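Here the structure comes first, spelled out in structure tokens, and everything after it is commentary.
Numbering (this note's numbering), first residue to last: 6 to 196.
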């Protein structure tokens, strides 16, 4: 039986309304191949990953090279409250990789379009960041397109500062936002 620290890496990250459920390697491989995925413990009526098969394929490749990255990768945002069709996935969040040599982790997230504007992305990002700090992250990063005003507002409210920009092959121009963490405070926020 795995110890508590190991279980914490793989357990859902709980926020007030969401469970951030880790998509295990076998589930990611099925998503990447377009095969049905069963027994996830939630329903995904919006098929939130179907438009992001490239992200899923990239994470599968990462796991092929280093299975130890698994807890840092894709997590589904699952509403904890049951609905008429059961627990619902409404989006996903992930880090691009475990912390690098500087302790930096970069987050990505997406909420289904018709569920935006309800604070789910903020709640998920805060849960992910708090989890990352507990597991050694010292610098939080987000790369955001300049026209994505809701995400820019999210990281600004969370205390991030713009530190540069980059040209992404898929997204185009992105602004790079970072926030150093102070582990002694909730969510790694400095005092």
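For glycine and all other residues, C-beta sits at the position ideal for the given N, C-alpha and C. These numbers were taken from a predicted model, which means no experiment stands behind them.
By the beta-carbon neighbour count (other beta carbons within 10 angstroms, threshold 16), residue 115 is buried.
Boundaries of the alpha helix (DSSP H) harbouring residue 32: 30-38, taken from the DSSP string.
Nearest to residue 149 by alpha-carbon distance, out of 30, 121, 169, is 169. The DSSP-derived three-state label of residue 166 is strand. Secondary structure at residue 98: strand, using DSSP grouped into helix, strand and coil. According to the DSSP secondary-structure assignment, residue 146 is paired through a beta bridge with 111, 183. When secondary structure is reduced to three states using DSSP, residue 27 falls in the strand class.
Per DSSP, residue 82 is one residue of the beta strand (DSSP E) stretching across 80-84.
According to the DSSP secondary-structure assignment, residue 19 is paired through a beta bridge with 24. For residue 97, the closest alpha carbon among the candidates 68, 49, 67, 37 is that of 49. With a 10 Å radius around the Cβ and a threshold of 16 neighbouring Cβ atoms, residue 187 comes out exposed. Collapsing the DSSP output to three states places residue 13 in a helix. Here residue 176 has 150 as same chain residues with Cβ atoms under 7 Å from its own Cβ, once five neighbours each way along the sequence are excluded. Nearest to residue 56 by C-alpha distance, out of 107, 117, 22, is 117. In the DSSP assignment, residue 153 forms no beta bridge with any residue.
Within a 10 Å sphere around the beta-carbon of residue 161 sit fewer than 16 other beta-carbons, which makes this residue exposed. When DSSP states are grouped into helix, strand and coil, residue 91 belongs to the strand group. About 15 Å separates the beta carbon of residue 112 from that of residue 81, a gap too long to meet the 8 Å contact definition. Contact check for residue 94 against residue 47 passes: the beta carbons are separated by less than 8 Å. Annotation: residue 19 to residue 25 spans about 6 Å, alpha carbon to alpha carbon.
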